[in-house]
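If you're matching them up, the sequences are chains A and B in order. In the working numbering, each number is its position in the first sequence, counted from 1, plus 165. In the working numbering, each number is its position in the second sequence, counted from 1, plus 2.
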Amino acid sequence: MMRAYHWLLPHPFLTLILTVVWVMLQNQVSAGMVVFGLILGIIIPRMTAIWWPDRPKGFRLGKMSVYSLIVLWDILVANVQVAWVVLTVPNARLKPAWIVVPLELKQPEAITVLAGTITLTPGTVSADLSDEGHSLLVHVLHTDDPDAIRDDIKTRYERRLLEIFS
Amino acid sequence: MTLTSVATVAAALSLLIGSIFIVIGSVGLLKFNDPMTRLHAPTKVGTLGIGMLLLASILASIAKGDPSMHELLIMAFLFVTAPVSANFIAKVCIHSRACKTPPSPPRDGTWSTLDTPDGDGTPAPQGR
């Protein structure tokens with residue numbers, strides 16, 4: 166029974182997302198659309214399962230929604246800060262810096278989410294990963310204290326991601 | 003003050019705010035003189051600027067009495083794909099030495115972009 170379930174639904178969460186996206190694309194909720202979305206949501210993960218051998222083991226949806234809200238708020242705040250930097254700081258006084266963030270996260274999915282978060286937050290862009298995946302290279306637009314930004318990334322984002330993917 | 007007029011005014015406001023941020027992002031793109039700092043301008047436009055324009059679109063559709071949720075999907079896909087292009091531009095900058103070479107990572111040999119098999123002038127990866 167469990168094996169049949171895993172064969173039919175290799176990625177239950179992806180099935181849910183595909184169904185929701187399909188219903189939203191139709192812009193109206195009707196039983197037919199939900200059923201068709203479910204059919205797509207079962208067929209597509211099944212057909213692409215070969216290329217997704219692993220799936221994140223633990224994933225806490227509730228904590229992920231809290232995380233998304235925090236990130237949205239940070240995007241708003243950081244946007245204003247970066248706009249201020251663009252308008253007021255002349256190029257000669259701009260202090261860009263490379264920051265190396267040592268990673269505690271191991272799962273590729275979690276590191277991807279962290280890198281995406283860093284890039285979406287204005288003022289920081291995640292540039293590269295070290296060859297063994299133990300550090301993340303981040304570029305900062307303007308900072309006086311690179312260490313503070315590194316600690317901020319670690320305490321604000323990475324700690325939460327460690328709890329989400331556990 | 004009906005719902006329609008509230009939604010219209012809110013849509014106009016978010017259009018204005020979104021446009022301001024897009025203008026600031028473009029100013030940044032023109033003003034900065036280094037590829038890596040320039041990269042920061044489009045990430046800003048891609049988040050708040052486009053987000054506010056899409057919010058305006060949602061509000062306008064509500065004002066017209068035909069609510070549309072496609073914009074939420076656009077926002078979601080944009081937020082998922084925008085970091086990928088930024089990451090690739092950053093990788094090209096590092097690879098082509100268009101920027102200051104980053105400090106080497108503490109625990110591993112080198113950054114994966116600099117870890118090329120033909121070794122085009124980079125220090126050989128150590129600690130394998």
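Yeah, the Cβ is synthetic: ideal placement off N, Cα and C, and Gly gets one too. Predicted, not measured: the structure shown is a model, and the values here were computed from it.
Which listed residue (the options) has its alpha carbon closest to that of residue i
i	options	result
P104(B)	S295(A), L270(A), P255(A), T253(A)	S295(A)
L74(B)	S59(B), L116(B), A43(B), P37(B)	S59(B)
F178(A)	M189(A), P261(A), I209(A), I276(A)	I209(A)
E323(A)	L268(A), A248(A), R168(A)	L268(A)
I38(B)	S87(B), A92(B), H97(B), L32(B)	The residue you asked about is not Ile; residue 38(B) is Met in the sequence shown. For the residues S87(B), A92(B), H97(B), L32(B), the minimum Cα distance to M38(B) belongs to A92(B).
L258(A)	S28(B), I26(B), N35(B), L17(B)	Rather than Leu, the amino acid found at residue 258(A) in this sequence is Arg. Looking at the Cα atoms, N35(B) is the closest of the given residues.
G288(A)	W263(A), Q191(A), H299(A)	W263(A)
G202(A)	E274(A), L279(A), V245(A), M189(A)	M189(A)
V266(A)	P255(A), L252(A), T253(A), I283(A)	I283(A)
V86(B)	D293(A), F224(A), I235(A)	D293(A)
P108(B)	L183(A), L205(A), L270(A), G298(A)	G298(A)
Opening and closing residue of the alpha helix (DSSP H) in which residue i lies
i	result
S106(B)	Here S106(B) belongs to no alpha helix (DSSP H), and DSSP marks it neither H nor E.
P273(A)	273–285
V254(A)	Where V254(A) is concerned, there is no enclosing alpha helix (DSSP H), given that its DSSP letter is neither H nor E.
S63(B)	52–65
R325(A)	324–329
S195(A)	Counting along the chain, S195(A) falls outside any alpha helix (DSSP H), and DSSP gives it neither H nor E.
V8(B)	5–33
L41(B)	37–46
Per-residue contacts from residue i into chain A (C-beta, under 8 angstroms)
i	result
K33(B)	V251, N256
8 angstroms contact criterion, which residue i and residue j should meet: CB distance rounded
i	j	result
L285(A)	A14(B)	Going by Cβ atoms, the distance from L285(A) to A14(B) rounds to 26 angstroms, so no, they are not a contact pair.
D261(A)	L302(A)	The question names Asp, yet the displayed sequence has Pro at residue 261(A). Between L302(A) and P261(A) the Cβ distance is about 13 angstroms, and since that is not below 8 angstroms, they are no contact.
L50(B)	R40(B)	About 18 angstroms separates the two Cβ atoms, so there is no contact after all.
I96(B)	T115(B)	5 angstroms
K33(B)	N244(A)	Between N244(A) and K33(B) the Cβ distance is about 17 angstroms, and since that is not below 8 angstroms, they are no contact.
CB contact below 9 angstroms: residue i versus chain B
i	result
T308(A)	no
I208(A)	no
W240(A)	Checking the displayed sequence, the identity of residue 240(A) turns out to be Ile instead of Trp. Judged by the 9 angstroms Cβ criterion, I240(A) is in contact with chain B.
H304(A)	yes
S195(A)	no
S230(A)	no
W263(A)	yes
Proximity test, Cβ basis, 9 angstroms: residue i and chain A
i	result
L74(B)	yes
G123(B)	Its pLDDT being 47, under 50, G123(B) is placed unreliably in this model, and the value from its coordinates should be taken loosely. No, G123(B) lies away from the interface with chain A (no Cβ there is under 9 angstroms from its Cβ).
G67(B)	no
L56(B)	no
S16(B)	no
S59(B)	no
A84(B)	yes
D110(B)	yes
I96(B)	yes
V29(B)	yes
S21(B)	no
A92(B)	yes
A43(B)	yes
A12(B)	no
S7(B)	no
T4(B)	no
W113(B)	yes
Per-residue contacts from residue i into chain A (C-beta, under 7 angstroms)
i	result
I26(B)	A248, V251, L252
T133(B)	In the structure as shown, chain B begins at 3 and stops at 130. Residue 133(B) is therefore absent and cannot be evaluated.
A88(B)	T284, V290
N- and C-terminal bounds of the beta strand (DSSP E) containing residue i
i	result
T289(A)	289–294
H97(B)	That residue, H97(B), is in no beta strand (DSSP E); its alpha helix (DSSP H) goes 72–97.
V266(A)	262–267
H304(A)	300–305
Cross-chain neighbours of residue i in chain B, by beta carbon under 8 angstroms
i	result
M189(A)	M71, H72, L74, L75
L259(A)	F34, T39
Within chain B, the residues that residue i reaches when beta carbons sit closer than 9 angstroms
i	result
F267(A)	One detail in the question is off: residue 267(A) reads as Pro in this sequence, not Phe. Residues of chain B passing the Cβ test: P107, P108, R109.
Interface residues of chain B facing residue i [CB-CB closer than 7 angstroms]
i	result
V186(A)	L75
S300(A)	P107, P108, R109, D110
Contact test: residue i Cβ vs the ligand HEM heavy atom, cutoff 8 angstroms
i	result
G111(B)	Ligands are entirely absent from the displayed structure, and the ligand HEM is therefore not among its contents.
- When Cβ atoms are compared, which residues of the segment 270–298 of chain A fall closer than 7 angstroms to chain E? The structure shown has no chain E; the protein chains it does contain are A and B.
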